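Chemist: Below you'll find the structure I mean.
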Amino acid sequence: MTSPLARFNSASRSDALATLRDVCAASDWGSRLVEGRPYASAEALLAASDEATEALSGPGLDEAMAGHPQIGRPTPGDPVSSREQRGLAGASDARRAELVELNLAYQERFGHVFLVCASGASAEQLRDALVRRLAHGPEQERATARAELGKINRVRLGRLLAAPPASVSTHVLDTSAGRPAAGIPVALAARGGPDADWTALGASATDAHGRCKDLPALPEGSTHVRLVFDTAAYLAAAPAAGTAAAQARTPAAGTAGTRDPAPAAGTAGTATTTPAEAQQDAPALRDSGPFFPDVTVSFTVAPGEHYHVPLLLNPFGYSVYRGS
């Protein structure tokens, strides 16, 4: 699998610049990073970003800051700013209103948006940073804003260079009928370590081709995945397994119900069916509802890999495997 860094190194100039614009709006910053390719490591690219940020002229720094939304007001439809400001998700209306007022006071004082690396910061921490920096002089605050821009660029580049989360798909084949199993609900959960709690991510159901095409995406950091197939309704609606075989084994009216020929004259007429044979026949004769009301499959995953894990199902057995 080609790494994100290798793809960036080999991308056309226009594509590389477009990718970097999602990190930093300063055109000079992006041009310097593109011209410095290829990079031997992610750390080399991050170091080049630090140098390019430090080298931004006054207009270049203004251009970079203009590409950032106001704290408390992430750009609608922009997952980057929404993710970076998710620490505000639980903020009260009063706290949000306070942030708006402080932002306006900041912009009136310094002439540009309040720039801060907001990843992981709470509403209270951002409020305190605004109050503290409002006391800065213009030169001090501009230096602080440049330092915060460098942090933001590093965080965004790091996310860009990280391998994407693993992805999962599945399909179900009814091996007793020789066709796809449609309408089976499938629930997806994931966790970020062998000792972490499972987090339910959502559910889907197999389509007419037995496939789940809309399972939820895995979150970053997922290391284990669990698929739960709710097979009860499907198996309950399917014809009883082994019915034909059972009928074939049922002796015709008036015939002896033995497996072996009649004993020779003078010998004892004992049954010859062994306990093991009876046990093997039992599933075909059993009619007590679905034997597997659900099937749970757990497996490990690695970032950037796709895992297609089909389920081969019949009323009295199943198997799973990693497909392609």
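Residue 99 in my numbering sits at position 99 of the sequence shown; the count goes up by one each step and never skips. Even for Gly, the Cβ is constructed at its ideal location relative to N, Cα and C. Source: prediction; values computed, not measured.
1. Going by other Cβ atoms of all chains shown within 10 Å of its Cβ, with 16 needed for buried, is Tyr307 buried or exposed?
2. Counting only the same chain and skipping the five closest in sequence on each side, list residues whose C-beta sits under 6 angstroms from that of Arg95.
3. Nearest by alpha-carbon distance to Ala64: which of Gly221, Ala25, Gly289, Leu173 is it?
4. Spatial neighbours of Ala42 within its chain, please: CB distance less than 7 angstroms, with the 5 preceding and 5 following residues excluded, ordered by chain position.
5. Quick check on Phe114: buried or exposed, where buried means 16 or more other Cβ atoms within 10 Å of its Cβ?
6. Strictly by DSSP, which residues pair up with His171?
7. Which residues share a DSSP beta bridge with Val225?
8. Can you tell me where the beta strand (DSSP E) with Val113 in it begins and where it stops?
9. If I follow the unbroken alpha helix (DSSP H) through Val131, where does it start and stop?
10. In three-state terms, what does DSSP make of Gly150?
11. Could I get the ranges of all uninterrupted alpha helix (DSSP H) runs contained in the segment 33-62, with 4 residues as the minimum, in chain order?
12. To which residues does DSSP link Pro180 through a beta bridge?
13. How about the segment 158-176 and the segment 132-145: do they share at least three Cβ pairs that are nearer than 8 angstroms?
14. Please classify Gly317: does DSSP put it in a helix, a strand, or coil?
15. Using only alpha-carbon positions, find the residue among Leu215, Ile152, Gly90, Glu305 that is nearest to Ala187.
16. With DSSP run on the structure shown, which of helix, strand or coil describes Ser119?
17. Would you call the segment 40-60 and the segment 148-158 in contact, with 3 or more CB pairs under 8 angstroms?
18. In chain order, what residues of the same chain have a beta carbon less than 8 angstroms from the beta carbon of Arg127, not counting five sequence neighbours either side?
19. Helix, strand or coil for Ser204, going by three-state DSSP, please let me know.
20. Alpha carbons only, please: which of Ala189, Tyr39, Trp29 is nearest the one belonging to Thr296?
21. How should Tyr234 be labelled, buried or exposed, when 16 other C-beta atoms within 10 angstroms of its C-beta is the threshold for buried?
22. By alpha-carbon positions, which one of Tyr39, Lys213, Asp207, Thr175 ends up nearest to Tyr318?
Modeler: Walking through what the data contain:
1. Translated into positions along the sequence shown, residue 307 becomes position 307. Flag for Tyr307 reads buried.
2. Here residue 95 corresponds to residue number 95 of the sequence shown, with the count starting at 1. Answer for Arg95: Ala123, listed in chain order.
3. Position 64 of the sequence shown, counting from 1, holds the residue named residue 64. With distances taken between Cα atoms, Ala64 lies closest to Ala25.
4. The residue labelled residue 42 in the question sits at position 42 within the sequence shown. Once the five neighbours on either side are set aside, the close Cβ partners of Ala42 are Leu5, Leu161.
5. Counting from one through the sequence shown, the residue named residue 114 turns up at place 114. With 16 or more other Cβ atoms inside 10 Å of its own Cβ, Phe114 counts as buried.
6. The residue labelled residue 171 in the question sits at position 171 within the sequence shown. Within the DSSP bridge table, the entry for His171 names Arg211 as partners.
7. What you label residue 225 is simply residue 225 of the sequence shown in a count that begins at 1. Bridge partners of Val225 according to DSSP: Ala190, Phe299.
8. Within the sequence shown, the letter at position 113 stands for residue 113. Element bounds for Val113: n/a, residue is neither H nor E.
9. For the purposes of this step, residue 131 is identified with residue 131 of the sequence shown, where counting begins at 1. For Val131, the enclosing alpha helix (DSSP H) stretches over residues 123-133.
10. Here the question's residue 150 lines up with position 150 in the sequence shown. Annotated three-state conformation of Gly150 is helix, per DSSP.
11. Taking 4 residues as the minimum length, the alpha helix (DSSP H) runs contained wholly in the segment 33-62 are 42-54, in order along the chain.
12. Residue numbering aside, residue 180 sits at position 180 when the sequence shown is read from its first letter. Pro180 pairs with Leu173.
13. The segment 158-176 is not in contact with the segment 132-145.
14. Taking the first residue of the sequence shown as position 1, residue 317 is located at position 317. Residue state, collapsed to three classes: strand.
15. As a first step, residue 187 is located in the sequence shown; it is residue number 187 there, counting from the start. Among Leu215, Ile152, Gly90, Glu305, the Cα nearest to that of Ala187 is on Leu215.
16. What you label residue 119 is simply residue 119 of the sequence shown in a count that begins at 1. Ser119: coil per DSSP, three-state reduction.
17. Yes, they touch.
18. As a position in the sequence shown, residue 127 is number 127, starting the count at 1. If we look at Arg127 and ignore the five residues flanking it on each side, its Cβ neighbours are Arg95, Glu98, Leu99, Leu102.
19. Here residue 204 refers to the residue found at position 204 of the sequence shown. Here Ser204 sits in strand by DSSP.
20. Looking up residue 296 in the sequence shown gives position 296. Of the listed residues, the one whose Cα sits closest to Thr296 is Ala189.
21. Start at 1 with the first residue of the sequence shown, and residue 234 comes out as number 234. That one is buried.
22. Residue numbering aside, residue 318 sits at position 318 when the sequence shown is read from its first letter. For Tyr318, the nearest C-alpha among the options comes from Thr175.
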